[in-house]
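Number of protein chains: 2
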Amino acid sequence: MKVLHHPDRADIQLSSVLYALSDPIRLYLVSELYKAGERACGEFEVPVVKSTVSHHARTLREAGVVNVRIHGTMRFLSIRIDDLEARFPGLLMSVLQAYDSSGEPAFPS
Amino acid sequence: MKVLHHPDRADIQLSSVLYALSDPIRLYLVSELYKAGERACGEFEVPVVKSTVSHHARTLREAGVVNVRIHGTMRFLSIRIDDLEARFPGLLMSVLQAYDSSGEPAFPS
Numbered sequence: 001m002k003v004l005h006h007p008d009r010a011d012i013q014l015s016s017v018l019y020a021l022s023d024p025i026r027l028y029l030v031s032e033l034y035k036a037g038e039r040a041c042g043e044f045e046v047p048v049v050k051s052t053v054s055h056h057a058r059t060l061r062e063a064g065v066v067n068v069r070i071h072g073t074m075r076f077l078s079i080r081i082d083d084l085e086a087r088f089p090g091l092l093m094s095v096l097q098a099y100d101s102s103g104e105p106a107f108p109s
Numbered sequence: 001m002k003v004l005h006h007p008d009r010a011d012i013q014l015s016s017v018l019y020a021l022s023d024p025i026r027l028y029l030v031s032e033l034y035k036a037g038e039r040a041c042g043e044f045e046v047p048v049v050k051s052t053v054s055h056h057a058r059t060l061r062e063a064g065v066v067n068v069r070i071h072g073t074m075r076f077l078s079i080r081i082d083d084l085e086a087r088f089p090g091l092l093m094s095v096l097q098a099y100d101s102s103g104e105p106a107f108p109s
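Going line by line, the protein sequences match chains P and H.
With UniProt numbering applied, the first sequence covers 1 to 109.
With UniProt numbering applied, the second sequence covers 1 to 109.
As structure tokens, then:
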């Protein structure tokens, strides 16, 4: 079975987390995951092709922001809340609050 | 006199701010500016050439993170704390706290 690499908690870097969150679509994915808990990669209603979602999921995973669980042909994403909270207390919450209040469009028209 | 463009408060985008903060050297510059208030571009003790500092300063300015004031041949940087705080309350503080506690090296050896 294919095993995806996830950085250990201690290896999660602030700059990498901020970079992973610096894209409107990735911010949207993380915001949706925060509400939903866990979601399949194909479940997000985004106007981009599946491979683009996969690419964003990989960026988030490699930065330590999300966990990706493989089940059959599907990939399930969830936020590594405990790890992020232990590493950078309050950071994820303040980014999500900023996102909610910013009105920033995830999908520029 | 050359006037540098700074985005209006309302036009500061979360994804751009996070991107501007997603680089170890830019995080270091912002952290130093937060302690110092205002500093000249050439004052930072960073192991990169002046043009690289200028480039980072530009990224931070264009994202709305810093104000750049030109005085003679010098450029003075300061964080747009009031604008960032009004736009994304608590965000800058949580990033700076995460930076302080992360022990992330600004200058990887």
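Glycine included, each C-beta is placed from N, C-alpha and C at the ideal position.
Note down, in chain order, each residue of its chain lying with its Cβ closer than 7 Å to the Cβ of V53(P), except the 5 sequence neighbours on either side. If we look at V53(P) and ignore the five residues flanking it on each side, its Cβ neighbours are C41, F44, V46.
V53(P) (DSSP reduced to helix, strand or coil): Helix at V53(P).
Less than 8 Å between C-beta atoms, sequence neighbours within five positions excluded: which residues of the same chain meet that for L96(H)? The residues are V30, S31, Y34.
Where V65(P) falls: helix, strand or coil (DSSP): V65(P): coil per DSSP, three-state reduction.
With 16 other CB atoms within 10 Å as the buried threshold, where does I70(P) fall? That one is exposed.
Any beta carbon of chain H sitting closer than 9 Å to that of G42(P)? It does not; no Cβ of chain H falls within 9 Å.
Considering only the alpha carbon of each residue, which of E85(P), L27(P), R75(P), M93(P) lies closest to G103(P)? Comparing Cα positions, the closest option is L27(P).
Could you give the first and the last residue of the continuous beta strand (DSSP E) run that contains L77(H)? First-last of the beta strand (DSSP E) with L77(H): 74 to 79.
Establish whether the CB of F107(P) and some CB of chain H are separated by less than 9 Å. No, F107(P) lies away from the interface with chain H (no Cβ there is under 9 Å from its Cβ).
On the DSSP letters alone, give me the boundaries of the beta strand (DSSP E) that E43(H) sits inside. No beta strand (DSSP E) holds E43(H); DSSP gives it neither H nor E.
Report yes if the CB atom of R80(P) is closer than 9 Å to the CB atom of H6(P), and no otherwise. Against a cut-off of 9 Å, the Cβ pair of H6(P) and R80(P) comes out as a contact.
Nonlocal neighbours in the same chain, by C-beta distance under 7 Å from D83(P), ignoring five residues either side: Answer for D83(P): R9, I12, G64, listed in chain order.
What separation, rounded to the nearest whole angstrom, lies between the Cα atoms of S16(P) and D23(H)? Rounded to whole angstroms, the gap between the alpha carbons of S16(P) and D23(H) is 8 Å.
On the three-state DSSP scale, how would you describe I12(P)? Reduced to three states, the DSSP call for I12(P) is coil.
7 Å CB neighbourhood of I25(H) in its chain, flanking five on each side removed: The residues are V46, V48, H56, A106.
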